[in-house]
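Student: I have a structure I would like to understand better, so I am pasting it below and will then ask my questions one at a time.
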Amino acid sequence: MKIIDGHSHLYQKHATVGKLKKTVGDIEGFDIKQLLQRLDEIGVSQLQTMSQSMERIRGMWLGSNALSVALHQAAPEKIVSFAAAEPLDAQDRLNQAQLEELEDLVKHRGIKGLLLTPGYGHYYANDKRIYPFYQKAIELDIPIYFHHSHQFGPPRNCPLKYCQVTLLDDLTIDFPELRFDVEHMGYPWTEELLCIMARSPNVYTDFAMYIEPYLGRGRRLLLARNLAMAREYGVLDRVFYGSDYVGESVDEYIDLLRRELAYIQDGLNHDLTAQGFTPLTPAEIQGFLAGNVRRLWQAK
Ligand SMILES: [Zn+2]
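The numbering of the sequence shown is our numbering, which starts it at 2 and goes up by one.
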């Protein structure tokens, strides 16, 4: 079976601006052959990895856009790399430099999508000052991932007012052709998100961090409920899996994938039926693991 990790930050760790890793040579023990062999062993055919900019408020990144490019170049068929941006600069103006960088990254350096994190950058996704980023994504035919949900950790890092899912409804009105993923099923506004998805065929969602988050317990019963709800809204074929792994350890990454994939294939239906929901079909599960995210990524 072909499996895709649709959302990760493999090899992209926290670092302050000025100390960002930019090449695979900066990653201790980087061994692409070993990674590809281990992925093969567990049936994972592709993985997505993305940098994440938290520069505007916290002066930090996960990885860097240069590292995203280098990772894609290390295994162009297997590694799908996204870049990140803070669409507003420190003076609250459109970040023209990053807009130009995005175009170059996509046109010339193999980048396949963009991550925006309004909660970390303290801006609203429907702020018209940043609309040029959406126009550019449409022009470049790339999807955007939004971190638009709750985050563990100190509240000031990610104020929830910037993550309200209904802010994204404006995007479906102003940019109906924009393909985007709302990470983590927009938790805790999942039902609002599913309503948006039900009338906007270019909106997708992932269930990263529900099974084995870094902090606290997983939310497996909520995941089962949310998937049942997604089926009721008729949008289950736009839901996909991602590990959300952040780190540089191949062992840790493969072990996480192995445990989460085993749960999706063998345990998830138990948590649906325990709540009285109809179990998922093999085809629906296979959609989570590959077909759905492939449709989101696919250029027209
Ligand atoms: Zn993530």
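We put the beta carbon where it would ideally sit given N, CA and C, even for glycine.
Could you give the C-beta distance for Lys3 and Ala291, rounded to a whole number, given that I count them as a contact under 8 Å?
Tutor: 5 Å
Student: Give every residue of the same chain whose Cβ lies closer than 6 Å to the Cβ of Val25, excluding the five residues on either side of it in the sequence, and list them in chain order.
Tutor: Phe31, Ala71 and Ala75
Student: With 16 other CB atoms within 10 Å as the buried threshold, where does Gly154 fall?
Tutor: exposed
Student: Along the chain, which unbroken stretches of the alpha helix (DSSP H) at least 4 residues long are found entirely within the stretch 116-143?
Tutor: 119-122 and 132-141
Student: Under a three-way DSSP split, which group does Gly7 fall into?
Tutor: Looking at Gly7 - three-state DSSP - the assignment turns out to be coil, as it is neither helix nor strand.
Student: So what does DSSP say about Ile145, is it helix, strand or coil?
Tutor: strand
Student: Who pairs with Thr24 in a beta bridge, going by DSSP?
Tutor: Residue pairing by DSSP places Thr24 in no beta bridge whatsoever.
Student: Do you know offhand how far Gln53's Cα is from Met198's?
Tutor: 24 Å
Student: Buried or exposed: where does Arg305 fall if 16 or more other Cβ atoms within 10 Å of its Cβ makes it buried?
Tutor: Examination of residue 305 is not possible in this model, given that the chain is present from 2 through 301 alone.
Student: Hey, quick one: how far does the beta strand (DSSP E) through His15 stretch, first residue to last?
Tutor: His15 to Thr17
Student: Looking only at its own chain, which residues have a Cβ that is under 6 Å from the Cβ of Gly304, when we skip the five neighbours before and after it?
Tutor: The shown model of the chain, from 2 to 301, leaves out residue 304, and the question about it has no answer.
Student: Going by beta-carbon coordinates alone, are Glu213 and Leu258 separated by less than 8 Å?
Tutor: no
Student: Is any heavy atom in ligand 1 found nearer than 7 Å to the beta carbon of Glu184?
Tutor: It does: the Cβ of Glu184 is within 7 Å (strictly closer) of some heavy atom of ligand 1.
Student: Helix, strand or coil for Leu48 per DSSP?
Tutor: strand
Student: Could you compute how far the alpha carbon of Gly277 sits from the alpha carbon of Thr50?
Tutor: 36 Å
Student: Flag His10 as yes when its Cβ comes closer than 7 Å to any non-hydrogen atom of ligand 2, and as no otherwise.
Tutor: Absent from the structure shown: ligand 2. Ligands present: ligand 1.
Student: Compute the distance between the beta-carbons of Leu40 and Phe83, then report whether it is under 8 Å.
Tutor: no
Student: Rounded to whole angstroms, what's the CA-CA distance from Glu192 to Tyr211? Just pull it up for me.
Tutor: 16 Å
Student: Ignore the nearest five residues each way along the sequence and tell me which others in Asn127's own chain have a CB closer than 7 Å to its CB.
Tutor: Leu168, Asp171 and Leu172
Student: Using 8 Å for Cβ pairs, my map puts Ala225 next to Leu273. What's the rounded Cβ distance?
Tutor: 5 Å
Student: Looking at the structure shown, is Phe83 part of a helix, part of a strand, or coil, going by DSSP?
Tutor: Strand at Phe83.
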